[in-house]
Amino acid sequence: MVEEEKATFQIVEQQEDPENPIFRRWNQVNFCKRLRAMRAHNLKNDPKFQYTVKQESLQRIQNGFQFTLISSVDQNSEYQFTLKSTSHGILSFEIQDMNEQVPRFKVSEHGPINNGKDKVVRVNFEEARLLNFQLNDNSHNQELIVSFETNLNIPNGDLVSEVNESMHFEKHHFYIKTDKFNLQYRLNGKLMLRINELNLLSIDRQRESNSPLLTDSTQFCDEDENLFMEQEWKGIREEIPSGPQAISLDFSFDYFDKLFGIPERINTFQIKSTVLHKKDNESEHEPYRLYTSDHFNDKYPNHSTYGAIPIIQGIKEGTQQMIGLFWCNASDTFIDIIETQDRKYHHWMSEGGHLQFYVFAGTQQAVVFYKQAILTGFAPLPPIYALGYHQCRWNYLTQQETEEVSDKFLEYKIPCDSIWLDIEYTNEKRFYTWDEQKFPEPRKMLDKLIGDGRKLVTIIDPHTKIDDEYFIYQDMQKLDLAVKNKNGDDYESECWPKQAVWFDYLNPKTIDYTIELYTKSPSQIQNQQNYIWTDKNVLIWNDMNEPACFNNNEGTMSKSNTQQLPNGERVEHRLVHNIYGFSNTNATMQGMLARTNGQERVFLLSRSYFAGSQQHYAAVWTADCRCDWDHFNITVKQLLQTSICGIPFVGSDIPGFYGNPQDEEIVVRWYQMGAMMPLFRAHAHRKTSRREPWVFTPETRERIKDSIILRYQFIQYMQMIIYNFILVLNNFTYITQEENPFQDQCGIDTLMKERQRRQRINLCWVTTQLQDQYWKKEQQGMFKIFIYQDSNMVTKRGSLVSYIYIKEI
1 MVEEEKATFQ IVEQQEDPEN PIFRRWNQVN FCKRLRAMRA HNLKNDPKFQ
51 YTVKQESLQR IQNGFQFTLI SSVDQNSEYQ FTLKSTSHGI LSFEIQDMNE
101 QVPRFKVSEH GPINNGKDKV VRVNFEEARL LNFQLNDNSH NQELIVSFET
151 NLNIPNGDLV SEVNESMHFE KHHFYIKTDK FNLQYRLNGK LMLRINELNL
201 LSIDRQRESN SPLLTDSTQF CDEDENLFME QEWKGIREEI PSGPQAISLD
251 FSFDYFDKLF GIPERINTFQ IKSTVLHKKD NESEHEPYRL YTSDHFNDKY
301 PNHSTYGAIP IIQGIKEGTQ QMIGLFWCNA SDTFIDIIET QDRKYHHWMS
351 EGGHLQFYVF AGTQQAVVFY KQAILTGFAP LPPIYALGYH QCRWNYLTQQ
401 ETEEVSDKFL EYKIPCDSIW LDIEYTNEKR FYTWDEQKFP EPRKMLDKLI
451 GDGRKLVTII DPHTKIDDEY FIYQDMQKLD LAVKNKNGDD YESECWPKQA
501 VWFDYLNPKT IDYTIELYTK SPSQIQNQQN YIWTDKNVLI WNDMNEPACF
551 NNNEGTMSKS NTQQLPNGER VEHRLVHNIY GFSNTNATMQ GMLARTNGQE
601 RVFLLSRSYF AGSQQHYAAV WTADCRCDWD HFNITVKQLL QTSICGIPFV
651 GSDIPGFYGN PQDEEIVVRW YQMGAMMPLF RAHAHRKTSR REPWVFTPET
701 RERIKDSIIL RYQFIQYMQM IIYNFILVLN NFTYITQEEN PFQDQCGIDT
751 LMKERQRRQR INLCWVTTQL QDQYWKKEQQ GMFKIFIYQD SNMVTKRGSL
801 VSYIYIKEI
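Residue 362 in full-length UniProt numbering is what sits at position 362 of the sequence shown, and the numbering runs on without skipping anything.
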């Protein structure tokens, strides 16, 4: 597909042709269809299979305990349940089929989890001196109670002052039903979590034949279903070489009634229910899906866009108590939020991989976020220039045009820290090369930008043009660095350079090769001076790394592709899909740091991300949003979704990527909000009109300039905010109420509710166009000021926000 066709496809994609859907719905994905059928059955009937605890198997292990589960329909089907705790009170749960011949892929061993050394945790088996079970008098079921204590061990200064020393000690209790396995978790006596109360635990067993088993979800398959094949989709019927591998489990956060997380979604900040089950009535909607994809289509509000973080959090409004759960899985994952008469459940369904999850709870929100950061990693502090204003467009087409943009910022006295180049700078989409006709002297251009006080950011995608004369493709062939198809050949599909192959970033040789690209000029380059990627002033934008492919296979690569792990074994792409972008930025970060032997911090932007991507200096953004008020509103929610899951450096394209603004007010409002986003970058589709600050009317230009200058007045404060988010977590703003008192009148989102008293500055942006008839003039000295008439608002026309609360700076 040529660029013009792709560009047109992207714009049309926003409306979607009902006869040509972009993504599969849940009932077109076999493993999800089976697991939802199992859930529907279990809510109305006795489960077809469940588990009991093998009493004699209970034993202490370092930092935890484990026991064996036995299937109710096959006594030979045994599963090992393991629970461990760190000294910080982060709980790790694993359930593994003890009869499996081939170990399942564990994403926790490949980067997202901070697996540092930890102190030993004391484990007690209450009233079980000989590991006997305690009988619960209030139930006919046998129940085992296990407890231990943890100490947060928070270094001085690493948490909010409101967390006093007594809160560092936590008492964990686990109440385990042994005849019909389920588990309740209490923290300091408070019920926090229920596991498997709906009996939705299922692990598809390994098999060689196309036969359903009574011990797992395959017994809910359709009569004509082939367990080794996907459903046909747009003429594609893809093989599942290893057979069904799905895993499933249900949870409830009990009294925590507000749920957040599982980004990135084009919908609400708070997670809504997808299944309503009350008495005999049930209605179900599309479940949430975590499957990184090249789309920003609001026709798929529950389908993840470019990033996927399988973290869900629960709070109780009016309290500081909170709980988080990290479903540690990188395969295609669906989540149902089931609302019953008594409580909400979340049902996690993944296509494959090891069944492992982490739980982190606390009596204060700051404690929970601290545990989450300990678990998935702290973000390095970004360099100060990364917090400045970034100017980007698809594309600045020539060296002269790029230099003129820099000159214009000087002419209008508008600060700007970096100029960006999209894909058109390359020689026919060969990354790490130049179109020499349009960019004849890139070194000279870079030197000019440096002289103007700016950095240069170039886009680098993970695909490589198939061309025997292209040095990157030559090296990929020589070193065997490409993702393979199921037959062992390099996987080929279409992307910007037409036919392409993709780097396999799980392969350590690919990381080593990436480091070389940023530390020495390739010998095949004729003009060594123009190879600028070894210069520390050249920063990187990793795009299209979901990975995106121009095909009908949901716009990504085949799940049956394989990638190479560090131990030399190969893993199906279906099991690692959601960490492709994560592994891409890991390689890029290592290459960029190697340029200065790790002495200087770096900046990179990634479109795709996973839990832990913040470890890679990776900023992320909402990507291909429209320039309209609807997507402007969605942007706020998306930034919050991602930031509360551990990635603080977030932003959006200002003022939207697609389309021209209907009026200049939305441009001003987006710049005003962008000035207070962690990432402050303007970007636009190449078919839009020019959007640089100076192309608008003088009044709008000055308001944009004021917003950019305000950013620089606050830039050191912004750095402190991010520092505190990373190390102190004192300035993190959390929302407990999505709707607001202004919603019916003008759609303005009140962003600061809970914890406002602890914030130095709280802002509420104008996110809806305010009608002229609602403005009135007020005389203040020599000036006329336009004030919005709503008594609840203090918005001034052209002002930054509708509400500002300043405590101290």
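Backbone N, C-alpha and C fix where the C-beta goes; we use that ideal spot for every residue, glycine too.
Given residue i as reference, the closest of the options once Cα atoms are compared
i      : options                           : result
Phe105 : Gln356, Thr514, Arg686 and Tyr470 : Gln356
Ile323 : Asp543, Lys258 and Lys180         : Lys258
Ser202 : Met192, Gln219 and Pro310         : Gln219
Tyr412 : Phe696, Met38, Asn114 and Arg289  : Phe696
Leu325 : His285, Ser273 and Phe260         : Phe260
Asn586 : Val602, Val571, Leu575 and Gln101 : Val602
Ala308 : Ser293, Ser87 and His573          : Ser293
Thr433 : Asp447, Pro497 and Leu152         : Pro497
Asp706 : Arg39, Pro648 and Gln672          : Gln672
Asn210 : Gln245, Arg194, Leu187 and Lys234 : Gln245
Glu569 : Leu421, Asn27 and Pro508          : Pro508
His390 : Asp74, Glu692, Gln80 and Gln75    : Glu692
Spatial neighbours of residue i in its chain, beta-carbon cut-off 8 Å, leaving aside the 5 residues before and after
i      : result
Gln590 : Ile511, Thr514 and Ile515
Ile715 : Ile384, Leu387 and Gly388
Asn545 : Asp461, Pro462, Tyr580, Gly581, Asn584, Thr585, Ser606, Arg607 and Ser608
Thr596 : Lys536
Ile271 : Leu259, Phe260, Gly261, Ile262, Tyr288, Ile312 and Ile337
Ala594 : Ile515, Tyr518 and Thr519
Leu198 : Arg39, Asn42, Leu43, Asp250, Ile338, Tyr345 and His347
Residue i vs residue j beta-carbon contact at 8 Å
i      : j      : result
Tyr385 : Ser406 : no
Pro415 : Gly388 : yes
Ser217 : Ser242 : no
Phe93  : Val359 : yes
Pro263 : Cys625 : no
Glu232 : Ser560 : no
Gln55  : Thr178 : yes
Phe49  : Ser85  : no
Thr688 : Asn660 : yes
Phe23  : Ala330 : no
Residue i (DSSP reduced to helix, strand or coil)
i           : result
residue 812 : In the structure as shown, the chain starts at 1 and stops at 809, and residue 812 therefore has no counterpart that could be examined.
Trp670      : helix
residue 811 : This structure gives no information on residue 811, because the portion of the chain shown stretches from 1 to 809.
Thr635      : helix
Arg570      : strand
Asn20       : coil
Met38       : helix
Lys478      : helix
Ile176      : strand
Leu387      : helix
Leu91       : strand
His354      : coil
Lys408      : helix
Gly651      : strand
Gly581      : helix
Ala366      : helix
Lys32       : Per the sequence shown, residue 32 should be read as Cys rather than Lys. If DSSP states are grouped into helix, strand and coil, Cys32 belongs with the helices.
Gly591      : helix
Leu276      : strand
Gln142      : strand
Lys429      : coil
Asn552      : coil
Counterpart residues of residue i in DSSP-defined beta bridges
i           : result
Met229      : Glu239
Thr68       : Lys54 and Gln80
Glu170      : Thr150
residue 850 : Residue 850 lies beyond the range of the chain shown here (1 to 809); nothing can be said about it.
Asp97       : Tyr79
Ala675      : Answer by DSSP bridge pairing: none, since Ala675 is not bridged.
Val501      : Thr464
Contacts around residue i, its chain only, beta-carbon distance under 6 Å, and the 5 residues preceding and following it disregarded
i      : result
Thr622 : Thr635, Gln638 and Ser652
Arg393 : Ala684
7 Å CB neighbourhood of residue i in its chain, flanking five on each side removed
i      : result
Leu130 : Because Leu130 sits at a pLDDT of 31, beneath the cut-off of 50, its placement in the model cannot be relied upon, and the following sentence gives the value as read from the coordinates. The answer is none, since no qualifying residue turns up.
Asn553 : Ile236
Leu410 : Asp452
Asn188 : Glu170, Lys171 and Thr363
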